[in-house]
Amino acid sequence: MAIKELSEGKFLLFDGAMGTMLQKAGLKTGELPETYNITNPEIIRGIHEEYVKAGSDVVTTNTFQANELKLKECPYSVEEIIEAGVKIAKDSGAKYVALDIGPLGQLMEPMGTVSFERAYEIFKRQIVVGAKAGADIILIETISDIYEAKAAVLAAKENCDLPVFCTLTYQEDGRTFVGTDPVTGTIVLDGLGIDAMGVNCSLGPKELKPIVDKVLEYSKAPVMIQPNAGLPKIRDGETIYDVTPQEFSEYLIEIAKNGALVLGGCCGTDPSFIKEVRSQLDKLTPVKTNPKVVTAATSGSKTVILDDVTTVIGEKINPTGKKKLKEALRTNNLDYIIGEAIDQTNSGADMLDINVGLPEIDEAEMIKKVIREVQGVVNLPLQVDSSDVGAIEAGVRIYNGKPMINSVNGKKESMEAIFPIVKKYGALILGLALDESGIPETAEGRLEIARKIVNTAAEYGIPKEDVLIDCLVLTASAQQSQVKETLKAIRLVKRELGVKTVLGVSNVSFGLPNRELINSNFLAAAFGAGLDAPIINPMSKSIMDTVNVFRVINNQDKDSAYYIEHYSNVEPSQAKEISNNGERDLRAIIIEGRKEESAPKTREMLDGGMAALDVVNNHFIPALDIVGDRFEKGQIFLPQLIQSAEAVKSAFVVIKDQLSKSEEKKESKGKIVVATVLGDIHDIGKNIVSMLLENYGFDVFDLGKDVPIEEVVRVVKEEDIKLVGLSALMTTTVSSMGETIKALRQEGLDCQVMVGGAVLNEEYTDMVGADFFAKDARESVKIANRVFGVEE
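First residue of the sequence shown? That's 1 in full-length UniProt numbering, and the numbers climb one at a time after it.
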């Protein structure tokens, strides 16, 4: 098996591009490459055979788009195309056949409409038929959303026993389209037990090298890389790439010398590239890597590494002692819960605890809802907190990233129930220092339970760095002598076991007056004992003051930078409590993505006498400008950008209703056509551009995906459109973009064209005859403002 070769430290060489070869063989614009498995099997077999002859150990089936979403209008079924694709690949003489699983082409919830469960079923259908047909490897590739990757990996691991490889595709800023960085992607995939991981597509080997170097730094699994043959260019109407086979090979061999074991090519590469890599690879001895060992939790776009840094876990989303939260859970008021998440994030939390346990609600269903909604507005990792095993697995399964589970304890049945979940989903686990006999009175007793938890976790294949221990805080009012035992237990656990420690700090003050005074001082003592991650209220000033001071004196806040910025020019006596008593204005609501609050607030402002256009110009636009600026600076990512846009979208419904009832007229800033070009069925980026342009007051004619050239020309002509936005994500369809622009020019239409898509760049924009390159949705707004003379 292929995985055996990797486990023995041998190289595996994949093939190169299928689309590039099919274009050379006559693939027409708009044709689905996968249909060639049935209509032109000899062409596909010939391509595979060329790669085998060039030295490929693995050939990849021609099934990249063979899912039910993309084959909706196709005369052949998913099963027919995949069965044929695997058979052709197996007949090519290849050593191994990899079933090619590409992205869905649609955004997943909460950014889009595809649920995690739906994505899982789509991938499952592909994987079941491919494994049955005889594939040797499942290759999940060109994935921009780590959440989508998780659905695909689980579908593979739960429905076949083949090795699973997964590659993400990164942009020039070092993040995927939805904001995942290489460390986050690597930690999540490692946790899911992937057999090989890495990067492919979008960029050339030179540009991908620093990204794959970061993957090599953290990945416990073998690392793979399949770059494009440089960046695309247009010459004589054809897409070409700027890296030669020799240059390509030199970069890949350098990456192999750094530890990558699985190599191959993506867009623009052909057998000559693979042959060159093979000739150099055979002279090379594989290099063993030494990945970093870290304790880390992640969301889809942010990693929190708990080593040598104090990590604040926000405690507010837990119904214990919280009447408002209990009522919100009973009435399904997710807006209140989202608000608590945003407020804790703004107050300095590094992670958030999510507990929805009430006896009168379906906890498993509610925790899924809350996790989805919270992950839609904040990018912090979450702690899935429940005493219900079913709720824990339900929450962890649909979680986007690597969560922490709260909790397991030293009881045999607890460990037997929880550890398989931890292992399967690659989570951190918080172990409570109690067992069948309760909480030991001595620190030594708690240490022994902690030792049992750590050792038993290892038996399930859970590494020590993924286990954290809660030495348990008892109340000073009722069990005063036990408080110092907790502090002693922290020291013992840190010294004897070398694992991270967590405490629910506020337990110490139950039943006592001035609880924050007790809590903050106990927290300082716990830090002194070695506490790594307190579960606290980040909206308490005194608590966060203690955290911020400790980070200074413990050399975590380098040069006291945060402390100086946060406390300079503020007299302690004048410092205000962090609270949420003040009413948020509409700008803040939009910036924070509180979409449930935006419409009521807009209605309130209109009822108060504000003109609808003033709301748009003085609140919508400035808020979106701030969000866009943060997006450009990498302070927020696509999920947060979309949530803010959704908040405006909700508010726009109120504005439109008001305008229809009054004489006030909404002035359009200009009319714009957007379309994904003929032959390309990816519309994620185009949809985001469309929504954002509408939010900024432009009239958008969204023609959809796979749009015929004549349809674009017709609408531009009939509506007298001045700006056209064209999108292409696939290298097999970029030529269609050039043909569309050429048709617009030949008709003599007075319009300008902006283009965007993962395979495009400034140079390519010039070659296809476009006027502007929109690297992202925010840039498309700037271009539109420029074209229509709108002041920014």
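Where a beta carbon is used, it is the ideal one built from N, C-alpha and C, also for glycine.
- Boundaries for I721: no alpha helix (DSSP H) harbours it, and the DSSP string shows neither H nor E there.
- Each of T486, V422, A457 and P420 was checked against the Cα of I439, and the nearest Cα belongs to T486.
- The bridge partners DSSP lists for Y96 are V58.
- In the three-state scheme derived from DSSP, where H, G and I count as helix and E and B as strand, A651 is classed as helix.
- Taking a contact as a CB-CB distance under 8 Å, the pair G265 and V287 does not count as one, their CB atoms being some 21 Å apart.
- Annotated three-state conformation of S347 is coil, per DSSP.
- Around the beta carbon of L284, fewer than 16 other beta carbons lie within 10 angstroms, which makes this residue exposed.
- For L432, the uninterrupted beta strand (DSSP E) run begins and ends at L428 to L432, by DSSP.
- If you draw a straight line from the Cα of E441 to the Cα of D557, it is about 36 Å long.
- Taking C-alpha positions only, L208 is separated from P227 by approximately 7 Å.
- Put simply, the segment 180–195 touches the segment 157–167. At least three CB pairs are less than 8 Å apart.
- Scanning the UniProt domain "B12-binding" (669–792) for uninterrupted alpha helix (DSSP H) segments of 4 residues or longer gives 684–695, 709–719, 734–746, 762–768 and 777–787, listed from N- to C-terminal end.
- When DSSP assignments are scanned along the segment 524–573, the uninterrupted stretches of alpha helix (DSSP H) that are 4 or more residues long and fall wholly within it turn out to be 541–553 and 561–567.
- Taking a C-beta distance under 7 Å as the contact criterion, A54 and K275 qualify as a contact pair.
- DSSP lists T167 and M224 as the beta-bridge partner residues of G198.
- Taken through DSSP and simplified to helix, strand or coil, G300 comes out as coil.
- Taking 7 Å as the cut-off, the Cβ atoms of V356 and E363 count as close.
- DSSP links I137 through a beta bridge to A98.
- It is roughly 27 Å from the alpha-carbon of K717 to the alpha-carbon of K656.
- Secondary structure at N519: helix, using DSSP grouped into helix, strand and coil.
- Residue pairing of G445 in beta bridges, as defined by DSSP: absent, with no partner found.
- P403 is a Cβ neighbour of V384, given a cutoff of 7 Å.
- DSSP places N406 inside the beta strand (DSSP E), whose first and last residues are M404 to N409.
- The Cβ atoms of V97 and D136 sit closer than 7 Å to each other.
- Residue state for L13 is assigned as strand, using DSSP reduced to three classes.
- For V212, the secondary structure class from DSSP, reduced to helix, strand or coil, is helix.
- If you look at K72, you'll find it isn't in any beta strand (DSSP E); DSSP assigns it neither H nor E.
- S249 and V153 have their C-alpha atoms roughly 30 Å apart.
- Partner residues in the beta bridge of I305, as assigned by DSSP, are A296.
- Taken through DSSP and simplified to helix, strand or coil, V114 comes out as strand.
- As the crow flies, the alpha-carbon of I211 is around 16 Å from that of I253.
- Judged by DSSP secondary structure, T176 falls outside any beta strand (DSSP E); it is assigned neither H nor E.
- By the 16-neighbour rule on beta-carbons within 10 angstroms, G376 is buried.
- In terms of Cα proximity to P103, the closest of G85, L71 and Q65 is Q65.
- Secondary structure note for G85: it is in no beta strand (DSSP E), and the uninterrupted alpha helix (DSSP H) holding it is V78 to K90.
- In this structure L744 does not touch T29 by the C-beta definition: roughly 16 Å separates them, more than the 8 Å allowed.
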